[in-house]
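What follows is a single structure, written as structure tokens, with notes after it.
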Amino acid sequence: MSEQEHSEASSYDVQAVESKWLPVWEDLDPFRADDEVVRSGERPKYYALTMFPYPSGDLHMGHAEVMALHDVIARYRRMQGYEVLNPMGWDSFGLNAENAAIKQDEHPATFTYANIETQYESFKRYATAFDWSRRLHTSDPEYYHWTQWLFLKFRERGLAYRKLSPVNWCPQDQTVLANEQVVDGRCERCGAEVTKRELTQWYFKITEYAERLLRDLEPLEERWPDRVVHSQRNWIGRSEGAHVAFAVEGRDEPVTVYTTRPDTLFGATFMVVAADAHLAAELVTDEQRPAYEAYLAEVRKSSEIERMATDRPKTGVFLGVHATNPVTGERIPVWAADYVLADYGTGAIMAVPGGDQRDYEFAKAHDLPIIYTVQPPEGFEESGGEAYAGAGPAINSANDEVSLNGLEVADAKRTIIDWLVAKGLGTAAVNYRLRDWLLSRQRFWGAPIPIIHCPACGEVPVPEDQLPVVLPDNLKGADLKPKGVSPLAAAEEWVNVDCPTCGGPAKRDSDTMDTFVDSSWYFLRFCSPGNDQMAFDPEQVRLWGPVDQYVGGVEHAVLHLLYARFFTKVLHDMGLLDFTEPFQALLGQGVVINQGKKMSKSLGNGISLGEQLELYGVDAVRLTLVFASPPEDNIDWADVSPAGSVRFLQRAWRLSGDVTSEPGTDPTTGDAVLRKATHRTIHDATALLEGHRFNVVVARVMELVNATRKAIDSGCGPADPAVREATETVAILLSLVAPYTAEDMWERLGHEPSVAQVAWPAVDEALLVEESVTAVVQIQGKVKARIEVAPDVSDADLEAAAMADADVVRAIDGREVRRVIVRAPKLVNIVV
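Going by numbering that gives the first Met the number 0, the first residue of the sequence shown is number 0, and it counts up by one from there.
As structure tokens, then:
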């Protein structure tokens, strides 16, 4: 460290500055959003929201990154003149708290609310610009009262229902999982291998909104990350095809299958039914039942991911029955296999081995016929071709009534669908990969499902005046251990109630809701968090909604974002919202890694946020995270320098002590060069902030600090009004990422706190006009000269100036000039 830097370090006490300003900000409460200011039109609204955290412990490096990035946006919009709603709360139900409670023999609330208070204090220390007056916790009865109310309203609209079905089961956490919570065949939360069980569960009918969820992605394409939009499209998975009816021996009703390629029907040489589908158990003959049941037992040992693997051997068992191909009239065998899933349509497919690789492999393994219905390209067989699913004219596709031969795929599809409809054998159809949202959980720490099961009346909703159905507070530890059913089922005083309809003995539903239900509407509750009469005040949501900027991890590209979009559309249809999309713009940040890998204790590469804050201070950590890379990229902590951030902050802070002119001094009389640098920085920073290039904004501020120090040290002097203007600009821009340093600078410059309430500095456009620019002259691609020219110089004049330059004449040295490439006003390239 140089002598000057040592002097700066000794004069700038990071811990003292933090201790000084925290209580001041607490008294000022500078980020409290005022409804009346927006309602009166005094300031336009801006709703800035970051995904609220789960209170599993103290804040970590991931929190630190997202909060630093989000804070840049919230503070910038406030300075721009918006009234910013920037609330924070906790997604406080969930398995982490319950598992911790089991280990510690406590109630989950004990663990949860202690961690919330720890995180709250850390948030305040981290100087986040939140409006704490709107704080909420999803595990408060005041919140889940309305989660339960929304469930009942969805049920009234036919969007919440209960059915028996095969579900994803986590054997470790002893609860069901939605499809979205299974990653590579394992539980997203604990990593245990997921199995299948048959349970009666509650679902939200999200599939009813599949087309709207897909269609409404289009307007979001310019304001959401491409990969998020792409992920949602893939998950919804719209396809066009046909439902085709296959008559099956011994069954009165035909089996309907969905296919995206009805033009290949002439090549359907067998049918496959998912081994674990009810249909397979229904169709199998008595003779084949023992073989089928043995096969089913083996299938149930595999996860869906394993079953869908392309390199998996194609196993199966003949069910002993045949179906009739509706276009050929041929009898085709019906098999049970594991590569078809029970929840895909009816759990049955028509198998076309000539056009589908999995069907081809199954046909080869079980010696079944293969018929090609689309002409493969020349050389297909010689190149080892198997199934062919590409374009081409139809072949082998005709009966006495219809012929597809010679038609390209699109025309063939239309022709066969028309024929199927005319014959009453099928219909055109649109299908979606999206499945209904399974929301039941067999765990304690969640919002109870507000349904009572009565032997006489069936499912009875809890009357609204009896909400919330509050979790019992006398369960802990051993009571909560996973048993395959919800711990609430054993809480007799809680579960046994009178039926609200007939008064007879009944039982509460003992399952709780998936925590994604809580987070699907929390952004609406923030608009009127203390309201005890309704989930949210539609007038307040109309005032603030929708969210203008949402910030969070792209790991929620499907889960949370899709569910929140679904909730918003349903609430719009209920007349409670004026908008159909919750988040107008989305910024997804990367993750903080270390030494090229995800941080973990086992790898020994974990980074403690608390230790980093003690070593370098809040501002240096925030600055480092923002400066390290564009928001969407990962940050490797091994490659950054919080110590370098400390040194820069010290240099910036020292400027504020050097300024000797009075506040309010007219800057127009100051040094012109420094003033131009200042206004160019403001201009560039504004454009960069709009494009979320926050790291480049920090670079521009660093350049301005250097330019200001150079101006002071080179004779401009600390009393020059341009030095004050530049230093005040540094403080304002720096407040977006380093609020403690900026606030202290602002006070040293003679201003009242808080710098966060200052208006964004205006740009003097006249100072952006360049009197001259430096043009580079190259010969054979090598720089030979730099010349000063007017910014609006023409190509001809720039070429003439370059050819007349003494260094250029000397470098050409009499050789023939073959070509001159001019890019005014910056470049001349001479080819000799």
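All C-beta atoms in this analysis are idealised placements derived from N, C-alpha and C, irrespective of residue type, glycine included.
In this text, all values refer to a predicted model and were calculated from it rather than measured experimentally.
- The beta carbon of T314 lies closer than 7 Å to those of A336, D337 in the same chain, with the five residues before and after it left out.
- The beta carbons of P29 and S734 sit about 11 Å from each other, so the pair does not count as a contact at 8 Å.
- When Cβ pairs closer than 8 Å are counted between the two stretches, the segment 281–301 is seen to touch the segment 320–336, the count reaching three or more.
- DSSP places I101 within a helical segment (H, G or I) once states are collapsed to three.
- The beta carbons of A350 and D358 sit about 4 Å from each other, so the pair counts as a contact at 8 Å.
- Contact between the segment 161–173 and the segment 108–125 is absent: fewer than three C-beta pairs spanning the two stretches fall below 8 Å.
- In terms of Cβ geometry, P325 and L264 form a close pair [threshold 9 Å].
- Classified as buried, Q180 has 16 or more neighbouring CB atoms from the shown chains inside 10 Å of its CB.
- Within its own chain, the residues whose Cβ lies closer than 8 Å to the Cβ of V697, once the five positions on either side in sequence are excluded, are L622, V625, F626, V736, listed in chain order.
- Residue burial is scored here from C-beta neighbours: N705 has fewer than 16 other C-beta atoms within 10 angstroms and is therefore classed as exposed.
- In the structure shown, T500 adopts coil according to DSSP, grouped into three states.
- Excluding the 5 residues flanking it on each side, T664 has same chain C-beta neighbours closer than 8 Å at P720, R723, in chain order.
- DSSP links F269 through a beta bridge to A350.
- Residue pairing for N167: DSSP places it in a beta bridge opposite L176, K195.
- Annotation for R133: P86, F525, P528 place their beta carbon closer than 7 Å to its own, counting only its chain and skipping 5 residues before and after.
- Here R442 is buried: its Cβ has 16 or more other Cβ atoms, across all protein chains shown, within 10 Å.
- Taking 8 Å as the upper bound for CB-CB distance, V13 and V227 are not in contact here, some 37 Å apart.
- Distance check between V271 and each of E360, K195, R196, P289 places E360 closest, using alpha-carbon atoms only.
- For E458, the three-state secondary structure derived from DSSP is strand.
- For S238, the enclosing beta strand (DSSP E) starts and ends at 237–247.
- Note: C186 is bridge-paired with V181 in the DSSP secondary-structure output.
- Under DSSP, R507 takes part in a beta bridge, and its partners are I451.
- L403 and E210 have their C-alpha atoms some 31 Å from each other.
- W89: not part of any beta strand (DSSP E); DSSP gives it neither H nor E.
- The straight-line gap separating the alpha-carbon atoms of E192 and L176 is approximately 12 Å.
- M66 is not a Cβ neighbour of I731, given a cutoff of 9 Å.
- Note on T259: under 16 other CB atoms within 10 angstroms of its CB, so exposed under the neighbour-count rule.
- Taking a contact as a CB-CB distance under 8 Å, the pair F565 and I205 counts as one, their CB atoms being some 5 Å apart.
- The alpha-carbon separation between L797 and V782 amounts to approximately 16 Å.
- For V339, the CB contacts under 6 Å within the same chain, skipping 5 residues up- and downstream, are V271, A273, I348 in chain order.
- Proximity to I681 across G669, N114, L703, P662 peaks at L703, based on C-alpha coordinates.
- Closest option to L433, judged by alpha-carbon separation, among L612, V283, G344: G344.
- DSSP links N114 through a beta bridge to no other residue.
- Look at V816 here: in three-state DSSP terms it is coil, with no helix or strand label.
- Per the C-alpha coordinates, the member of D513, D410, W131, E41 positioned closest to Y202 is D513.
- Per DSSP, I778 lies in no alpha helix (DSSP H); the unbroken beta strand (DSSP E) holding it starts and ends at 772–778.
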